[in-house]
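Chains as they are written, first to last, in numbering that gives the first Met the number 0: chain A, 0 to 94; chain B, 0 to 919.
Only one structure is covered here, and it is reproduced in the block below.
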Amino acid sequence: MKKRDLIILWIILGLLGVLFYFLNEKINDTLVECYSDSDCVANSCCHASSCVSKSLKPNCSDIFCTMNCQSDTMDCGQGSCGCVKGKCIVNWGEK
Amino acid sequence: MKKYFVIFCLISIFGLIIINSESYEDKIDKKVLDDFKNGIEKVNVIVKLKEPLENKGFFVQSEKSDKKKLLEKNKIKSEIINEIGEENINHVFNNEISLSLSIHDLELLEKNNNVDYIWFDKSLHAFLQGSVPYVNATNTWNVQISGFNVTGTNETICILDTGVDFTHPALNGKNLTCVIDCFEKACVENCSVLDDHGHGTHVAGIAGASTYINGVAVGANLIGVKVLNYQGSGTSTDLNRGIDWCIANKNAYNISVISMSLGDCSNHTTYCNSDPSASHIDNATNNNISVIVAAGNGNSGGCTGITVTIGPSAPACVQSAVAVGAVSDADSSIYYQRGPLFELFAPGININSTKANGGFESLSGTSMSAPHVSGIFALFKQFLRLTNQTKTNNEIKAVINNTGHLLDDTSGSGYNFSIVDIYSAIYSLDNLAPNVTLISPSNSLISINFNQTFVCNVTDEFLLSNLIFYLWNSAGNLINQTSSNISGLVNQSSFNVTGLSSGIYYWNCLGNDSKSNSAYANSNYTLTIGNLSTTLNSPINNTYTNQNLTFNCSGQTMQGAELTNLTFYLWNSTSDLIYNLTSNLSGEINSTIFSYNFTDEGNYFWNCLTINNQSNSDLANENYTYDITSPNITLISPENSASYTSSSQSITFSYNVSENINLSNCSLIVNDAISLTNISIVNLSETQSFTNSFIPGSYNWNINCTDKAGNINYSSQRSFTVTAPAVVASSGGGGGGGSPSVSIYAPTSNDLLVGYSKELKEKEQVKFTITGLEKSSHTLTLNSLKNNKVNITIKSEPINLLLGIGESKKLNVTSNEYYDLYIKFEGIKNNKASITIKTIFEEINPKIYTIIEENKSETLDSEKEIEEKIEEDFGTFDSNKKVFYFLLILFIIIFILFIILNLRHYQYNQEMKLLKKFGS
């Protein structure tokens with residue numbers, strides 16, 4: 000391989016690296032959903048299985064749900080919302 | 000540095016390979032392995048097969064054609080069946096095989112690339128078998144009052160939920176209506192709505208399933224009211240509409256309980272009587288409808304910050320509602336929301352009940368507790384009705400609360416609660432006295448035996464306590480009283496009394512139950528102890544005859560005395576003595592026969608008087624009817640030689656019958672064979688009729704009538720003919736000639752093109768011709784119209800359809816590739832089904848056609864179901880996955896290229912260094 004080709008390859012990889020770095024920064028900025036557990040809420044009024052930032056909290060006023068403990072949801076203390084590394088996640092297994 | 004980079008890249012590649020490779024644990028359910036580890040030789044499993052795929056390019060895998068796929072799937076199945084052995088196969092599904100396998104079989108399947116996963120075939124719990132006895136419902140069903148068992152019969156529970164799948168075998172026939180759909184609209188009965196979530200079906204099974212499994216109120220009716228959507232959520236508006244519908248239809252369907260396994264995300268320490276649903280719940284209870292509501296599950300779904308011991312959610316917190324908390328029927332441990340407000344507790348953990356679309360499933364939550372209590376309220380209300388008791392909603396709550404089992408939650412919420420026990424609840428209200436029957440000696444018996452055994456029978460709904468025998472003499476003085484302690488629900492006791500003297504005695508028994516309810520038999524029995532008794536042996540009392548019979552009397556006197564004579568007396572209906580004859584007798588026991596030739600018909604009385612040598616006498620009386628006249632029959636209609644034109648003609652045969660003394664029955668004789676018989680003839684002269692249907696043919700008919708004495712008479716014979724109609728032209732037309740009750744309609748092809756609607760009675764037919772790809776004639780017959788559903792048969796295919804109101808169906812009667820007929824059941828008018836049929840020309844989706852071919856034995860009710868099945872069977876291509884694999888492979892190629900280039904560059908540098916070294 001010619002030296003010129005190597006340089007081009009390195010430049011492409013470098014550009015990709017820079018691009019990835021900025022994209023990652025931007026993604027990280029947009030993905031900071033929370034700073035503490037209290038910033039996170041369930042993503043739906045009934046039988047939620049994931050969590051979202053409080054700003055995306057669904058309007059559950061005057062909503063009734065079935066009162067069964069649905070599996071793979073946070074029903075009946077199967078899980079709760081928490082904040083880990085800026086993201087709202089479900090802490091499974093809490094009873 | 001570059002070496003490390005190369006090593007890193009290789010590790011990454013290997014890592015990716017490892018990550019993407021399957022371990023056996025990814026393929027086999029841990030429970031299967033555990034069972035083998037525990038020494039079990041054969042384990043029941045369900046083997047899920049992979050979808051057959053083929054490579055079409057380097058990156059992309061695509062699906063095979065549907066037919067190829069089916070063929071390959073069948074091939075894979077047969078290979079597995081051959082490997083495992085047919086004897087080990089339990090069932091072959093579309094994508095799974097249920098089988099019993101050994102560890103050796105497991106190894107084979109684990110290596111089989113066509114096997115996606117091996118599930119443990121879990122055994123299901125006995126359905127509701129734990130929780131229903133736990134609330135003592137099974138014992139309650141055995142309580143019988145006035146011939147009715149306390150099972151909830153004639154009580155109706157409104158299930159306000161996600162709908163109910165009443166096609167489930169355990170719920171079929173339990174519903175008084177189709178599902179009442181109140182979600183986001185005014186409530187309307189909709190037979191096409193079942194349960195798009197499944198929760199309502201599970202709840203309904205707990206409350207009142209009665210086949211395969213038994214719910215709490217096994218005899219109660221159910222109405223499914225849909226107030227929650229397919230996700231299991233709804234609003235107060237939906238809920239209130241549902242409650243109001245149940246109140247408005249209370250009388251029409253005997254609605255006495257509303258069951259609501261729903262709630263919001265809240266805690267209440269005080270009654271929430273300002274809740275949007277409170278006034279509606281109050282209104283229901285004011286209408287004697289108990290409203291049972293799940294207390295809530297704490298931190299569920301969107302709920303956060305709920306402390307389960309603080310109190311129930313809404314609307315369980317409404318004061319007039321009955322809040323229901325959950326307890327485990329396994330260990331009586333308490334779960335979910337409870338607190339200071341009134342709450343009853345019922346099983347709600349791992350309750351196995353009905354699953355929408357068939358089968359059963361186990362669910363937990365206060366949702367499962369509430370229908371237990373709903374069923375209990377239905378049982379309780381039936382008990383109140385049968386025992387003529389009335390109680391307010393609060394009184395019922397109090398009784399059930401006070402008679403339940405203590406649930407100590409002082410360490411949790413700080414309160415004690417009550418686990419419901421329906422048997423104890425109704426037992427506490429037992430106001431029913433035992434039922435006493437005097438068995439022997441029979442009433443008015445005359446006996447010469449001075450030692451007597453008196454037998455009484457006593458039954459009680461709950462628990463007997465004792466039975467007391469009383470014997471009085473003719474002066475009313477009590478001469479014997481004997482008490483016997485008894486228990487159980489049924490008892491028969493004997494009381495021996497010796498040394499009785501001649502005379503008249505009265506006796507009775509008094510039964511007592513454990514609630515101190517007591518009762519005698521309806522009336523005292525009389526026993527005459529004497530020196531002489533007379534028995535009329537034959538004919539039996541109230542004999543009707545058309546022949547002269549002999550009369551047999553016998554007499555018996557006490558030991559030491561002797562019979563002297565026996566006199567037979569015969570009296571007419573005006574009490575004139577028309578005959579008597581005395582016959583001399585001897586011995587202690589003897590009998591004699593008397594004869595009389597009857598000439599006049601009428602009712603007679605006869606008796607015999609026995610006298611012994613101590614001048615004692617005894618008399619017995621019985622009835623006798625002599626009748627030799629046959630009933631008189633006059634035919635009214637149809638006239639002789641009547642004719643009808645119909646393929647199935649209903650004819651009413653009218654006649655008058657009269658008789659001088661009594662009538663027994665009349666029969667319609669058609670073509671010399673009994674066709675119908677009427678045994679409910681009350682008057683001596685009345686006009687009656689028979690109605691029957693006849694296919695085309697010639698018939699003769701007459702009527703015969705019989706009286707109780709066996710006199711029979713036949714009417715004159717008449718005839719009629721039924722002729723098959725020429726097909727009746729149709730479009731706006733009604734029936735054919737005369738007044739046929741069953742008609743055949745024949746719409747034209749043009750009628751069918753624009754859509755032909757007709758109101759059809761049962762058995763009526765529509766004959767039509769389809770001129771699609773092939774011209775063919777067909778007959779649509781309305782077989783039955785029941786429960787808002789029509790059963791239709793279309794021949795010559797034949798195709799059988801069951802449609803609910805508003806339901807339609809596309810059929811392919813002439814081609815496998817095109818739908819050519821559309822049928823819709825529009826509704827019911829004047830007890831007739833309004834049916835629309837229309838010819839169409841609509842291509843069948845090839846996939847649907849394949850499914851139709853594949854599932855010839857299955858009944859797919861709608862195109863929607865077929866589409867769903869396609870999705871289920873074939874899945875959808877995961878384009879995201881394709882892109883991911885494409886990028887991954889591209890990334891790997893770039894890395895490999897990069898490594899190769901760098902290696903070459905490294906080699907080049909080394910060579911250059913060597914050159915420089917040697918060059919210098």
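Think of the CB as a built atom: it goes at the ideal place given N, C-alpha and C, for glycine as much as any other residue.
Item: Assigned secondary structure, Gly78/A (DSSP; H/G/I helix, E/B strand, else coil); Value: strand
Item: Reference Leu32/B, options Ile156/B, Glu109/B, Thr200/B, Leu477/B, closest by Cα; Value: Glu109/B
Item: Min CB distance Asp61/A to chain B below 7 Å; Value: yes
Item: Distance between Thr676/B and Ile711/B (C-alpha atoms, nearest Å); Value: 14 Å
Item: Extent of the continuous beta strand (DSSP E) run through Pro346/B; Value: 342-346
Item: Stretch pair the segment 309-316 of chain B + the segment 256-268 of chain B: three plus CB contacts closer than 8 Å; Value: yes
Item: Spatial distance of Ser423/B from Asp429/B (CA atoms); Value: 10 Å
Item: Residue-chain proximity (Ser232/B, chain A), Cβ-Cβ < 7 Å; Value: yes
Item: Residue span of the beta strand (DSSP E) that contains Phe925/B, given as start and end; Value: No statement about residue 925/B is possible, as the shown extent of chain B runs from 0 to 919 and does not include it.
Item: Cα-Cα separation between Thr722/B and Gly214/B, rounded to whole angstroms; Value: 54 Å
Item: Reference Ile88/B, options Ser657/B, Leu98/B, Leu667/B, Asp599/B, closest by Cα; Value: Leu98/B
Item: Distance between Glu106/B and Phe119/B (C-alpha atoms, nearest Å); Value: 15 Å
Item: Cross-chain neighbours of Gly297/B in chain A, by beta carbon under 8 Å; Value: Cys75, Gly76
Item: Under 7 Å by beta carbon: chain A residues contacting Pro311/B; Value: Chain A residues near Pro311/B: none, gap ~10 Å exceeds 7 Å.
Item: Interface positions of the segment 351-373 of chain B facing chain A (Cβ-Cβ less than 8 Å), listed along the chain; Value: Leu362, Ser363, Gly364, Thr365, Ser366, Met367, Ala369
Item: Sequence-distant residues of its chain with Cβ nearer than 6 Å to Ala708/B (five each side left out); Value: Tyr543, Thr544, Asn545, Asp626
Item: Partners in chain A for Asp263/B, counting only beta-carbon separations shorter than 7 Å; Value: Ile62, Phe63
Item: Rounded separation between Ser52/A and Thr409/B - CA only; Value: 37 Å
Item: Between the CA atoms of Gly207/B and Asn682/B - distance to the nearest angstrom; Value: 46 Å
Item: Cβ-Cβ separation, Ala432/B to Ser500/B (assumed contact under 8 Å), whole Å; Value: Contact flag wrong, Cβ pair sits at about 34 Å.
Item: Exposure of Pro132/B, with buried meaning 16 or more beta-carbon neighbours within 10 Å; Value: exposed
Item: Amino acids of chain A, ordered along the chain, whose beta-carbon sits closer than 8 Å to that of Pro275/B; Value: Asp61
Item: Proximal residues to Val44/B (C-beta, below 7 Å), its chain only, five neighbours per side dropped; Value: Val31, Leu98, Leu100, Ile117, Trp118, Phe119, Asp120
Item: Test item: CB-CB of Thr176/B and Ile242/B under 7 Å; Value: no
Item: Contact between the segment 342-361 of chain B and the segment 70-85 of chain A (3+ Cβ pairs under 8 Å); Value: no
Item: Minimum Cβ-Cβ distance from His198/B to chain A less than 7 Å; Value: yes
Item: Chain A residues whose Cβ lies nearer than 7 Å to that of His167/B; Value: Residues of chain A passing the Cβ test: none, with the nearest at roughly 17 Å.
Item: Classification of Lys912/B by the beta-carbon crowding that lies within 10 angstroms, buried from 16 upward; Value: exposed
Item: Minimum Cβ-Cβ distance from Ala203/B to chain A less than 7 Å; Value: no
Item: Residues bridged to Phe376/B (per DSSP); Value: DSSP, once it has assigned bridges, lists no residue as partnering Phe376/B.
Item: Minimum Cβ-Cβ distance from Ser260/B to chain A less than 7 Å; Value: yes
Item: Coarse secondary structure for Asp420/B, derived from DSSP in three states; Value: coil
Item: Neighbourhood of Thr792/B by C-beta, 6 Å cutoff - its chain only, sequence neighbours within 5 removed; Value: Thr780, Asn782, Asn799
Item: Chain B contact residues for Cys82/A, given Cβ-Cβ distances below 9 Å; Value: By Cβ distance, chain B contributes nothing, its closest Cβ being about 13 Å from Cys82/A, past 9 Å.
Item: Near-chain A residues of the segment 213-237 of chain B - C-beta to any C-beta below 7 Å; Value: Leu227, Gln230, Gly231, Ser232, Gly233, Thr234, Ser235
Item: Asp877/B, DSSP secondary structure in three states; Value: Its pLDDT being 43, under 50, Asp877/B is placed unreliably by the model, and the measurement read from it follows with that caveat. Of the three classes helix, strand and coil, the one that applies to Asp877/B here is coil, per DSSP.
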